[in-house]
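Trainee: Those protein sequences? They're chains R, X, W and C, same order as listed.
If you count by the UniProt record's numbering, then the first sequence holds residues 1 to 209, one letter each, in order.
If you count by the UniProt record's numbering, then the second sequence holds residues 1 to 180, one letter each, in order.
If you count by the UniProt record's numbering, then the third sequence holds residues 1 to 394, one letter each, in order.
If you count by the UniProt record's numbering, then the fourth sequence holds residues 1 to 737, one letter each, in order.
Just so you know, even glycine gets a beta-carbon here, dropped at the ideal spot from N, CA and C.
If you scroll down you'll find the structure; I have some questions about it.
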Amino acid sequence: MFIPAVKNHYQELITLFAELYKYPDEQVTEEVMNGTAEQEMHRGFVSCSLPVTTRLSLQQLITAENNVQKQFMTAFSGLSKPFSPPVESLYKPWSTDADAPKQLAKKRGYYMGDSALHMNHLLSCYGFGVPEEFKMMPDHLVIELEFYAFLLGEDTRMAVTFYNEHLDWIKDFEKEMNKLGGVPFYQEVTRRLRNLLSIHPLEIINGEE
Amino acid sequence: MARYGLLIDASKCTGCHACSIACSMYNELEEEVTYNRLEFIERGKYPNAVMEIVPLQCMHCDNPPCATVCPTNATFKREDGIVSIDENKCIGCKYCMTACPYDARQLNESRIPEKCRWCPEMLEAGKQPACSSTCMNEVRLFGKLDDPDSEINKKMAQHEVSQLVTEKGTKPRIYYIKRK
Amino acid sequence: MLTNHKFWYAVSGALILFGAAGALNIIIHGEHSMGTSNYVPWGALIAGYVFFVVSSTGLSLVAALGHVFHMKRFEPLAKRAVLGSIITLLMGFIVIGLELGSPFSMIHILFSPNFQSAIFWMGLLYGIYLVLLVFEFIFLLKDDHKKSRLFGILVLISAIAAHSNLGAVFGFLVARSYWTGPYMSIYFILSALLSGAALLAFMYFLVSKVKRTEDMQVEGSHIVSHLGKLMVLFLSITVFFTVWKILTGVYGAVPGKHDGIMALLAGPLSFQFYFFELGFGMIIPLLILTLPGGFKPARVFAAAAFALVGIFVMRIDLVFAGQMIPLEPVKGALLPQFRDWTITWAEWGVMAGAIGGAVLLYLMGERKWNLETAPHEEGEDEKAPVSVQLAKKA
Amino acid sequence: MKMKRRSFLKAGAVTAAAAAIPFKLSISDFKEAAENEDVKRIATTCNGCASMCGIYAYMKNGRLWRVEGHPVHLKSKGRLCARGHGMAADLYGKGRVPGPMKKISEGEFEPISWDQAFKEIGEKLNKINEEHGGNSFLWLEHGVRGKRYADPLLDRIGSSNYITHYSTCFSSKTNAWQQMVGGMLNGDHAHAKYMIFEGRNFAGGIIPNGMNQITKAKENGAKIVVIDPKYSEIAKIADDWIPIRPGSDLALRLAMAHVMISENLYDKAFVKKYVDGFDDYWHENKDKTPEWAEELTGIPADKIREISREFAANAPEAFMEPGWHGLHCHYINSTQTAQMGVILNALAGNFYKRGGLMPSANVDFGEYLHKDIVETEKGQRADGAGIEGQYMTVEPGRGISHTVPDMIADGKIKSVFIYHFNPLRTAPDPEYQKKIKEAELVVSIPVDWNETSVYTADYILPESYYLERTEVPTAVSGHISHDYPQISIRQQAAEPLHDTKPLIDIMRGVTKAMGYNALYDFTVDDEMKAMLEPVGVSPEQLKEAGTVELQTSAVKPEFPVNMQGKPALGTYTGKIQFSAELFRIDGKKGIPTWIPPKVEPDRSKADQFRLIHGKQPYHSHHVTSNNPHLVKITEKYNGTAVWMNSERAEKLGIKDGDQVTIASDLATKSIPVKVTELIHPECVWISSAYGGFSDKLQTSYNLGVNYNDFIPAMVEPYSGTTMSQEVVVTVSKGGEA
């Protein structure tokens, strides 16, 4: 039997992760620090009947000197090198277009790859726009997770296709994240996200069938 | 069938490397790989010293040692004279690399010993490949050796030309204009 | 310690683990995990491959002394030598398989063969050689002397054909004067004899110690002594070849050839050339063997051990000396004096792993089969020797 | 408790779709459809260096495929150098500043919104201007692209402080030519029979079509002489490479003039008609014989006679390249050296002659009329350029760009906008330049994380990449001669990848926050329309073609004359002036004569050298050194090495490839050495491309060393340049890699 409640929990969990990859404003910082984020994530995993493999809680990974904002900047902004923005294009060959002659095609590490083009296409087909700062990285994790959550609400079959094609790079992303120093919070969030996404959505949603 | 050749006037090269970077852009090469390169030679004693620069790339030999040694015919000579590679047949033994007296082979990420392929699609369209079309000093001139009216034949008639490493019997298809 | 089974299992296990790590590294990271470059495309694994297939060839050549040429004192060697030959050949194939960029494209050797390519012939002949070896081994185990002798002859021919083709893989390289010419084919065959004799002496000494049977003790020490004598001959031949290689290389200063020899004599390879190739590989074993009492089994064993290390380095020197001299398509170009090369841990691993694999397979062979061969007198061909009958009962 | 959610997906606000492809949920279906889209060709201009060659950018589905030289553009004519190809791929690289940044502590920034940045900068600027006056504001840029959008603000708040990078580059030349000729001319390489390139590496600072013309002229029999302490790339195609002691070029030129005058080889008719001050010049320099110059230059007197005679014999189809950076900010005598460039060419009578020096074709653009034209009275320039008692002879239009920290320390400058300029790496003494941060407000407008932005800026406002922005049309001119005027346009080929803006939008944002609502109340299209109006080309035509050639007002080989037929150059007398009016200060006559270099290596010391530098043909000084493709060339061809003469190296026990340590009073740095016959024994040479120290630029970080590390910030007395080769270093074997 189909239980929509689980799907809703799953969607909520996905958008929670999306939230955690946005620049942490004061409220988000506060909610991470006071444990709200940890509690909600824990509840989310439990509600989806997923194993919770927490070693350290999120608030423990933050210190006064190395706060969430600082870790965000270190991990994603390029203010210090190396850094690894959660953008799909960077983790996949730039283009598979056969007559794409030139240089970039087979390489990883460049923005605006095929996946970005496709995201632009999908978003515009569904009538979505993205904020100015994400204009040329529509395959940013934040956008992809939000869009995935949206698709789950629309049509599970489509969501599954999206899951298969656009959320298959998190492992590579995690590998890059783990190479960085001073970003334990995002390494943990990414580890959990990878755990969550390593389980096929149909297994979660239909788990109680 | 056309027979292609390349005439190089090395005396005009000023070492800007536009050829190699245009080539790697056109052929989607990894940054480490270049199909053409420049050899630098210093001659003489200060203040009467000079520098020579010789552009090098696959010579598309008429007796290509790389093709002779290839156990699976992955490297082969086309009718138009271009020495080409069928990547699927390559076992990666690198015999062609040790056999080439010009060091023209470059191993790519997939462990295929790649090399300059003279951009046949450009030659067939009557255009110069990227290395030549971007060269400000017009060092390279590709063309049909069997067409008496071709630019390359006219120019070869005007100059004395030489080839590299002829003593190994490779019969290279790149000709260098001899200058004093 | 050396006479303990467990010790050898432990050693081979450790080497195989190291080898597996190295192999995995090469499979994952490709060429980056190897010490090769566009200028030195053939790395240590080529040397390792040569080392193993030379050993294989050498073992079958020495085996042939006994059961093909009927040199009595070498007849008991046959089974062990042929088994060793099969094993080292397989290990050679594994090593070269890892060196190849796309080993699975080997299928095209069948569909799209290039009859001008020495690698094609080498591959084909080594394939045939392997099949023939297996048959020879089967008939040896059955003590079917007629058939095993027939296959022994075929193995001998194919070994020489395959191995001289391996020499030709180098000899055909017109671009690299250091290798060019017929020398390599002849040198490979003759140095294979040294490899085979040294490896057999090494093996047989240990086997005779491990077996602890009286027969084996006596017979083993006899054979090892005889192998020692053979080694003196083969060492002398190798010295002869090395001397002429050096003299012809230095004489006349042919570009490429001369520089390669100078890299050995007074260049970056000189330490390993003098210390290992000449010292370990030729001088020390010759001294050990030719001083009074030189053919005592333990002395022969020591000489063989030195020689094997020396031979391994000899292969390394051969592969790199031919490539580290920069090609000079344009005369006078600003080039480094020598091209850089290294042997990475992954390559060491693969070679060590292959040695471990060889040891393990051999131990398993000793355990599975009875490898004693009774001397086959005329007319006794049909009758299995006593020791075999006993073994069958057990 | 549940965390809040900030949804980034905005329903309704549809982005421009990549292409009109029908809905494809699966990426493989989509890729298939996308692959069938057409490749579009957009004509724009390159930004690999300041030449701005015309290029075609090939775009598919809104993404850059590759670039190619524009076939019409007179600088590229279908050809591009390595930089042009390499730079384009950086569009999608990771080195750029992704959006507006605010400094939180030394070297640390946080992203802020454009609105927030505008608001804070506007408020701060207003406050500073109220307290210290508008003249405390400084606009510092590479030049001259930003001037158009700097001027409205400068005029409005009343600041005279517009400064370009030219003083670090070539203003000794522009100054001398402005004073003596009233403008600049270009060598007519295509028609010349004899070309002298002294301190000018045309094959290093590349204009592809210029080099094409030079090699063609050579094939047609032209002779090329290269005078340079280092065998530069152009020397490779020269008939004669004459190494000269660095710092003595002025002596050589004086002696060449001496030969031409004393042997009556100069064009007397031309000089009589078009030159003012010839007698004064000769009176002053009668003793500058080739023998005298041989002492100073190390070039045999006979050789000097030979090239002088050949030069004269081929005149007027002969010229001495006017040059740029090569000699014109290097020594204390650089302005006089540039003056001699004018004089030698005038003695050859080659001005406005085919095969000699020709002017650039002119384009009469229309002008966009600004609505807000309130102007505030401006104070004195903070750099002292053009001010009596300070740097009276320095061109105020270009200024002195490398003493900004002094201007700040003196309290003259309180706020600085730095547009596409990186003085921390391209001006002398980086530690001194870092003091720019002492200003109350520093705003940097770069594309990447350059050293200046990282170490001095309070705010970084990233501009869109050159392939992402449209700029007003420009006349294609300079460096080489061409008969017909051309107009080219840089236009947007790709959507901005990051949260960046073109300069005009940045200026509009800042000034609106200051309360000037109408200061930038126009778009690039408005300007383009107004500019093109009198030209007879529509914006659409220009955008389609990228570069157009106008068949009007072709340049003619005629000396400009007025209605009376008298010479009418933009100088005091209308003639070529051998004596520059402005230089007649401190009792001087304004005539070039010998001035020895400021410092000289002690020739008795084995380890002392003059440190000289130059451009590599695959890098544009420091701008391209973060490009991975170009740096691969550096690595393969040993580009960071310091060149040293073999004989000197032998004395120091240094071998090719060794690590050596270079030390001046300011710095001690270590790099590998290239030991060569191709350099004057008294100097060592390094490329100007390296020595990056911004850790936010991965590729250039810590790659090689830069000449600016070793020289203090000095000001050449006539033109205000850096005198960047007035430095003696010691070189020793060893040092840490």
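Please determine, among C:Trp241, C:Asn314 and C:Arg156, the residue with the shortest C-alpha to C-alpha distance to glycine 221 of chain C.
Mentor: Checking every option, the nearest Cα to that of glycine 221 of chain C belongs to C:Asn314.
Trainee: Judging by CA-CA distance, which residue of C:Cys46, C:Asn708, C:Gly565 and C:Gln336 is the nearest neighbour of lysine 669 of chain C?
Mentor: Here the closest residue by C-alpha is C:Asn708.
Trainee: Using a C-beta to C-beta distance shorter than 8 Å, which residues of chain X count as neighbours of arginine 176 of chain W?
Mentor: Neighbours of arginine 176 of chain W on chain X, chain order: Thr98.
Trainee: Does the Cβ-Cβ distance between glutamine 577 of chain C and glutamate 395 of chain C come in under 8 Å?
Mentor: Contact flag unset, no.
Trainee: Please check the pair alanine 74 of chain X and lysine 94 of chain X, which I expect to be a contact at CB under 8 Å, by giving their CB distance rounded to whole angstroms.
Mentor: Between lysine 94 of chain X and alanine 74 of chain X the Cβ distance is about 12 Å, and since that is not below 8 Å, they are no contact.
Trainee: Within the chosen definition, does the region 39 to 49 of chain C reach the region 76 to 94 of chain C through at least 3 CB pairs nearer than 8 Å?
Mentor: Output reads yes: the region 76 to 94 of chain C touches the region 39 to 49 of chain C.
Trainee: Counting only runs of 4+ residues fully inside the region 204 to 276 of chain C, write out the alpha helix (DSSP H) ranges in chain order.
Mentor: Complete alpha helix (DSSP H) runs here, min 4: 208 to 219, 249 to 262 and 268 to 274.
Trainee: Measure the alpha-carbon distance for glutamate 108 of chain C versus alanine 427 of chain C and round it to whole angstroms.
Mentor: The straight-line gap from Cα to Cα measures roughly 23 Å.
Trainee: Could you tell me the distance, in whole angstroms, from the CA atom of serine 57 of chain R to the CA atom of glutamate 114 of chain X?
Mentor: Distance between the alpha carbons of serine 57 of chain R and glutamate 114 of chain X is about 51 Å.
Trainee: Within 10 angstroms of its Cβ, does residue 761 of chain C collect 16 or more other Cβ (buried), or is it exposed?
Mentor: Residue 761 of chain C lies beyond the residue range present for chain C, which begins at 1 and ends at 737; the question has no answer from this structure.
Trainee: With which residues is asparagine 186 of chain C paired in a DSSP beta bridge?
Mentor: DSSP, once it has assigned bridges, lists C:Met358 as partnering asparagine 186 of chain C.
Trainee: 8 Å is my cut-off, CB to CB: does residue 397 of chain W come that close to chain X?
Mentor: For residue 397 of chain W there is no data in the structure shown, the boundaries of chain W being 1 and 394.
Trainee: Taking 8 Å as the cut-off, does the region 118 to 133 of chain C touch the region 83 to 100 of chain R (at least 3 CB pairs, one atom from each stretch)?
Mentor: No contact exists between the region 83 to 100 of chain R and the region 118 to 133 of chain C.
Trainee: Run down chain R in chain order and give the residues with a C-beta less than 7 Å from the C-beta of alanine 11 of chain C.
Mentor: Within chain R, the residues near alanine 11 of chain C are Gly127 and Phe128.
Trainee: In angstroms, rounded to a whole number, what distance separates the CA positions of glycine 399 of chain C and methionine 256 of chain C?
Mentor: Looking at the two C-alpha atoms, the distance is approximately 32 Å.
Trainee: Spatial neighbours of glutamate 233 of chain C within its chain, please: CB distance less than 7 Å, with the 5 preceding and 5 following residues excluded, ordered by chain position.
Mentor: Taken in chain order, the residues that qualify are Asn201, Ala203, Gly204 and Pro617.
Trainee: DSSP on valine 313 of chain W, reduced to helix/strand/coil?
Mentor: Helix, per DSSP.
Trainee: Among W:Asn4, W:Lys6, W:Gly43 and W:Val11, which one has its Cα closest to the Cα of aspartate 340 of chain W?
Mentor: The shortest C-alpha separation from aspartate 340 of chain W is found at W:Gly43.
Trainee: Tell me where the alpha helix (DSSP H) around threonine 34 of chain X begins and ends.
Mentor: That residue, threonine 34 of chain X, is in no alpha helix (DSSP H); it is neither H nor E in DSSP.
Trainee: Anything in the UniProt domain "4Fe-4S ferredoxin-type" (49 to 80) of chain X with a Cβ closer than 9 Å to a Cβ of chain C? List those residues in chain order, please.
Mentor: Of all residues in the UniProt domain "4Fe-4S ferredoxin-type" (49 to 80) of chain X, Ala49, Val50, Met51, Glu52 and Ile53 have a Cβ within less than 9 Å of some Cβ in chain C.
Trainee: Ordered along the chain, which non-local residues of its own chain (more than five positions away) have a Cβ less than 7 Å from that of isoleucine 9 of chain R?
Mentor: It is worth fixing the name first, because residue 9 of chain R is histidine in this sequence and not isoleucine. Answer for histidine 9 of chain R: Gly44, Ser47 and Cys48, listed in chain order.
Trainee: Just list the beta strand (DSSP E) runs in the region 669 to 695 of chain C, keeping only unbroken ones of 3 residues or longer that don't cross its boundaries, in chain order.
Mentor: Runs of the beta strand (DSSP E) inside the region 669 to 695 of chain C: 683 to 687.
Trainee: Note down, in chain order, each residue of its chain lying with its Cβ closer than 7 Å to the Cβ of leucine 630 of chain C, except the 5 sequence neighbours on either side.
Mentor: Ala82, Arg83, Gly86, Tyr618, His619 and Thr624, listed in sequence order.
Trainee: Please confirm if alanine 409 of chain C has its CB atom under 8 Å from at least one CB of chain R.
Mentor: No, no contact with chain R.
Trainee: Determine contact between the region 97 to 108 of chain W and the region 240 to 256 of chain W, defined as no fewer than three beta-carbon pairs at a distance below 8 Å.
Mentor: Because the criterion of three Cβ pairs below 8 Å is not met, the region 97 to 108 of chain W and the region 240 to 256 of chain W do not touch.
Trainee: For the region 38 to 50 of chain W, enumerate the residues whose C-beta is nearer than 8 Å to any C-beta of chain X, in chain order.
Mentor: For the region 38 to 50 of chain W, which is checked against every Cβ of chain X, the residues closer than 8 Å are Asn38, Tyr39, Pro41 and Trp42.
Trainee: Skipping 5 residues on each side, what residues in its chain have a beta carbon closer than 6 Å to that of aspartate 656 of chain C?
Mentor: Val675.
Trainee: Looking only at its own chain, which residues have a Cβ that is under 6 Å from the Cβ of valine 54 of chain W, when we skip the five neighbours before and after it?
Mentor: Excluding sequence neighbours, valine 54 of chain W sits near Ala192 and Ser195.
Trainee: Should asparagine 422 of chain C be flagged as near chain R, meaning a C-beta pair shorter than 8 Å?
Mentor: Chain R contact via Cβ: absent.
Trainee: Exposed or buried, glutamate 527 of chain C, counting other C-beta atoms within 10 Å across all chains shown (16 or more means buried)?
Mentor: Buried: at least 16 other Cβ atoms inside 10 Å.
Trainee: Residues of the region 107 to 118 of chain X with a CB closer than 8 Å to any CB of chain W: list them in chain order, please.
Mentor: Here the close residues are Leu107, Glu109, Ser110, Arg111, Ile112 and Pro113.
Trainee: Just reading off the beta strand (DSSP E) that proline 111 of chain C is part of, what are its end residues?
Mentor: Run containing proline 111 of chain C: 108 to 111, per the beta strand (DSSP E) assignment.
Trainee: Should residue 213 of chain R be flagged as near chain C, meaning a C-beta pair shorter than 8 Å?
Mentor: As shown, chain R starts at 1 and ends at 209. That puts residue 213 of chain R outside it, with no answer to give.
Trainee: Report back the beta-carbon spacing between alanine 382 of chain C and lysine 412 of chain C to the nearest angstrom; my notes put them in contact at under 8 Å.
Mentor: With 8 Å as the limit, alanine 382 of chain C and lysine 412 of chain C qualify as a contact, their Cβ atoms being about 4 Å apart.
Trainee: So with CB distances below 7 Å, who are the chain X contacts of threonine 676 of chain C?
Mentor: Near threonine 676 of chain C (Cβ distances below 7 Å), the residues of chain X are Glu42.
Trainee: Quick test of your reading: phenylalanine 421 of chain C and histidine 142 of chain C, contact by CB under 8 Å. State the CB separation rounded to the nearest angstrom.
Mentor: Confirmed, about 5 Å.
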